[in-house]
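Everything below concerns the one structure shown next.
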Amino acid sequence: GFSKFGTASSLQIFTLDLAFNEVGPDGALALAYLYQAPLLHTLRLDLCCNKVTSLGAYRLAHLQHSATLQRLYLNLTYNEVDCSAMPALATLQNASKLHTLHLNLMYNNIAKVGADAL
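Residue numbers (our numbering): 1142 to 1259.
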């Protein structure tokens, strides 16, 4: 599965477009293992329309543990994510080397409470 990407010792830039593939929360967990890739500095994940849900968004927040990630582009448009996942997604900014974070949450159930958590 995707969790093998976390052990990719030479992976520096990774772009993956999985739009409309029903990745779900389990697929999000597998992708979160990318935080372990020792040289990864740029990550672009397009997970538009994948039923990731709030559980999957929470799992993707594990990317904050990357020691090398500098740029993260995460598209979670149309994924049934609600405000309960916002505190977890807000922790993405805690990645030690991260200086660019682009988070697309269009057409989810974030509401003002969720937006405030970000």
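In this text, a Cβ means the ideal position worked out from N, Cα and C, and glycines have one as well.
Could you give the distance in angstroms between the alpha-carbon of residue i and the alpha-carbon of residue j?
{"i": "arginine 1185", "j": "leucine 1213", "result": "6 Å"}
{"i": "alanine 1252", "j": "leucine 1244", "result": "15 Å"}
{"i": "serine 1195", "j": "leucine 1175", "result": "19 Å"}
{"i": "threonine 1156", "j": "asparagine 1216", "result": "12 Å"}
{"i": "leucine 1239", "j": "valine 1222", "result": "23 Å"}
Once the 5 residues before and after residue i are set aside, which same chain residues still bring their CB inside 8 Å of it?
{"i": "glutamine 1153", "result": "Leu1180, Leu1181, His1182, Thr1183"}
{"i": "leucine 1259", "result": "Met1227, Leu1230, Ala1231, Leu1244"}
At what residues does the alpha helix (DSSP H) containing residue i begin and finish?
{"i": "tyrosine 1199", "result": "1194 to 1201"}
{"i": "leucine 1244", "result": "No alpha helix (DSSP H) contains leucine 1244, which is instead part of the beta strand (DSSP E) from 1241 to 1245."}
{"i": "lysine 1253", "result": "1252 to 1258"}
What are the boundary residues of the beta strand (DSSP E) that includes residue i?
{"i": "leucine 1170", "result": "From DSSP, leucine 1170 is part of no beta strand (DSSP E) but of the alpha helix (DSSP H) over 1165 to 1173."}
{"i": "aspartate 1271", "result": "Shown here, the chain extends from 1142 to 1259; a query on residue 1271 therefore has no answer."}
{"i": "leucine 1215", "result": "1212 to 1216"}
{"i": "aspartate 1158", "result": "1154 to 1158"}
Here's a check: name, in chain order, each residue in its chain whose Cβ is nearer than 7 Å to the Cβ of residue i, leaving out the five neighbours to either side.
{"i": "tyrosine 1248", "result": "Thr1218, Tyr1219"}
{"i": "asparagine 1162", "result": "Asn1191"}
Could you name the residues of the same chain whose beta carbon sits closer than 6 Å to that of residue i, not counting the 5 residues immediately before and after it, in chain order?
{"i": "leucine 1201", "result": "Ala1169, Ala1173"}
{"i": "threonine 1241", "result": "Arg1212"}
{"i": "alanine 1236", "result": "Gln1205, Ser1207, Leu1210"}
{"i": "cysteine 1224", "result": "Ile1251, Ala1252, Val1254, Gly1255"}
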